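Residue numbers (the numbering used here): 161 to 506.
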């Protein structure tokens, strides 16, 4: 029998494993299910690793995500962040009054910020189970989304929409890319098999394919090239609808695209699966959180039966699973992969 790590790596490389890997995005869910919270884990990497290991032991999924929230990079640069019982959210105002302010930004050492908890968690997980489980460590946000947090979402989307300050836009995206790569290097050093970035604001739900091509794609590709040069793998998570851009996402050089449930599964498979491993996209809210175990099984089975006998797919949720999802629905995901994800090796 293959280990989870062997199974996942074969799927990523489009080689047929014994069955389709299953890696629910249950990292936030696990923090609450095992008696912790996001705000505790944001600063305590060992505690984060502890709860993720407990969840892995109980559920048996094939990989573990490292990520506590989606504003850690921006927070480390001075963005006001509001902490709640379910995570952290950015303040309404960015740290840049205008794009000229990028010249005053300096890249901090991630180890001197709360990003060090992510590095510590990655190191602990790699030490404890990295020889048999895939470790996917998020370098927080992608360049386009981080830039939006620093500038302010409304201001940023207006500026990229009008495109009249292209030089300043690219300068900010370059800064964000360099900071993300500095963090990614430390996650790779800590033992991550996959570095993942979340670029939600580069979604087709918010920007046009033209804007994506001009301001998101080049910097995602730059990160993919740099991560690959380190001998590692990049995964890109994009929330929302990527029907119009998933084909191009597959050409960034990323090894994995994490696609959300608003994206059509069949369309994504046709557009991208020959170029990249797809991870997703069972409906996180309606099915996993508020649906029945039978509904979860049906959604998983439909995806598994569509992709086989081909490889290049990891069964997962469309996005991070909320803390109130029933445990039996997560068990149903894993059991579906075990029952319906088997490849014919004869």
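Even glycine gets a Cβ: it sits at the ideal position worked out from N, Cα and C.
Everything numeric in this text was worked out from a predicted model, so none of it was measured.
Contact between the region 281-292 and the region 347-360 is established, with three or more Cβ pairs separated by less than 8 Å. Residue 424 and residue 256 have their C-alpha atoms roughly 36 Å apart. Residue environment: residue 430 is assigned as exposed (fewer than 16 neighbouring CB atoms within 10 Å of its CB, all protein chains considered). Within the model, the alpha-carbon separation for residue 340 versus residue 416 is close to 18 Å.
Residue range 354-358 is occupied by the beta strand (DSSP E) that includes residue 354. Taking a C-beta distance under 8 Å as the contact criterion, residue 282 and residue 233 do not qualify as a contact pair. In this structure residue 307 touches residue 336 by the C-beta definition: roughly 5 Å separates them, less than 8 Å.
Secondary structure note for residue 397: its beta strand (DSSP E) is the uninterrupted segment 393-398. Taking C-beta atoms under 8 Å as the contact rule, residue 276 and residue 391 fail to qualify, at a distance of about 23 Å. If you look at residue 441, you'll find it isn't in any alpha helix (DSSP H); it sits in the beta strand (DSSP E) that goes 437-442. Under the three-state reduction of DSSP, residue 476 is assigned to strand. Residue environment: residue 454 is assigned as exposed (fewer than 16 neighbouring CB atoms within 10 Å of its CB, all protein chains considered). Annotated as proximal: residue 397 and residue 418, with beta-carbon spacing under 8 Å. When DSSP states are grouped into helix, strand and coil, residue 239 belongs to the coil group.
Inclusion of residue 461 and residue 500 in the CB contact set at 8 Å is warranted, their separation being smaller than that value. Under DSSP, residue 250 forms a beta bridge with 241. A Cβ-Cβ contact shorter than 8 Å links residue 387 with residue 344. Pairing residue 214 with residue 192 gives a Cβ-Cβ distance that is not under 8 Å.
Under the three-state reduction of DSSP, residue 296 is assigned to strand. Assigned with DSSP and collapsed to three states, residue 383 falls in helix.
A straight line joining the alpha-carbon of residue 375 with that of residue 414 spans about 17 Å. For residue 286, the closest C-alpha among the options 244, 338, 342 and 212 is that of 212. If one requires a minimum length of 4 residues, the alpha helix (DSSP H) runs lying completely within the region 282-348 are 303-311 and 313-322, in chain order. With respect to the C-alpha of residue 440, the residue from 362, 196, 315 and 420 having the closest C-alpha is 420. Within 10 angstroms of the beta-carbon of residue 279 lie 16 or more other beta-carbons, which makes it buried. Within 10 angstroms of the beta-carbon of residue 301 lie 16 or more other beta-carbons, which makes it buried. Just so you know, the alpha carbons of residue 322 and residue 229 end up roughly 30 Å apart. In this structure residue 395 is in contact with residue 296, their Cβ atoms being roughly 6 Å apart against a cut-off of 8 Å.
Residue pairing by DSSP places residue 502 opposite 179 in a beta bridge. Annotation for residue 481: 184, 185, 186, 188, 189, 444, 448, 449 and 490 place their beta carbon closer than 8 Å to its own, counting only its chain and skipping 5 residues before and after. About 5 Å separates the CB atoms of residue 471 and residue 171; that is less than 8 Å, so the two are in contact. Residue pairing by DSSP places residue 224 opposite 295 in a beta bridge.
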